[in-house]
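To keep things clear, I will list the structure first and then write my remarks on it.
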Amino acid sequence: MTDTSIGPVAAEIERRLRTALNPTRLAVINDSDKHRGHAGHDGSGESHFTVEIESPAFAGKTRLERQRAVNAAIGDLMQERVHALAIRAKAPGEA
Numbered sequence: 075m076t077d078t079s080i081g082p083v084a085a086e087i088e089r090r091l092r093t094a095l096n097p098t099r100l101a102v103i104n105d106s107d108k109h110r111g112h113a114g115h116d117g118s119g120e121s122h123f124t125v126e127i128e129s130p131a132f133a134g135k136t137r138l139e140r141q142r143a144v145n146a147a148i149g150d151l152m153q154e155r156v157h158a159l160a161i162r163a164k165a166p167g168e169a
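Per this note's numbering, the sequence shown starts with residue 75, numbered consecutively.
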């Protein structure tokens, strides 16, 4: 089951992505419970996430460039608080 509540790490991810990439659509999904007992699950309930983001900043960018932009926006959280991040990034109008 995916947790739909927003904890402090998810809220910070959302804040940073909104500031850096001005998305037209953004969902930060907490997948941590799916990884209970696996490596990287730290018991905090906020270690694994999926980000679904649509932003004009991604127009003309490759998948790798989009992922790098998301990782750059999240910054130190990726090393300090987030064990795993799945990214689904697209520009407006893309299927």
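Backbone N, C-alpha and C fix where the C-beta goes; we use that ideal spot for every residue, glycine too. Since we're looking at a predicted model, the values are computed, not measured.
(request) Output the boundary residues of the alpha helix (DSSP H) element that contains R155. (result) No alpha helix (DSSP H) contains R155, which DSSP labels as neither H nor E.
(request) With DSSP as the reference, label K164 as helix, strand or coil. (result) strand
(request) Using alpha carbons as the reference points, say which of L91, R89, A85 and V125 lies closest to I103. (result) V125
(message) My output table needs one value for A101: the three-state DSSP class, helix, strand or coil.
(response) strand
(request) Leaving aside the five residues before and after V83 along the sequence, list all residues of the same chain whose C-beta is less than 6 angstroms from its C-beta, in chain order. (result) E120 and R155
(request) Quick one: grab the DSSP three-state call for I87. (result) helix
(request) Counting only the same chain and skipping the five closest in sequence on each side, list residues whose C-beta sits under 6 angstroms from that of A165. (result) F132 and A133
(request) Kindly indicate which residue of H122, A101 and D105 has the alpha-carbon position closest to the one of A163. (result) A101
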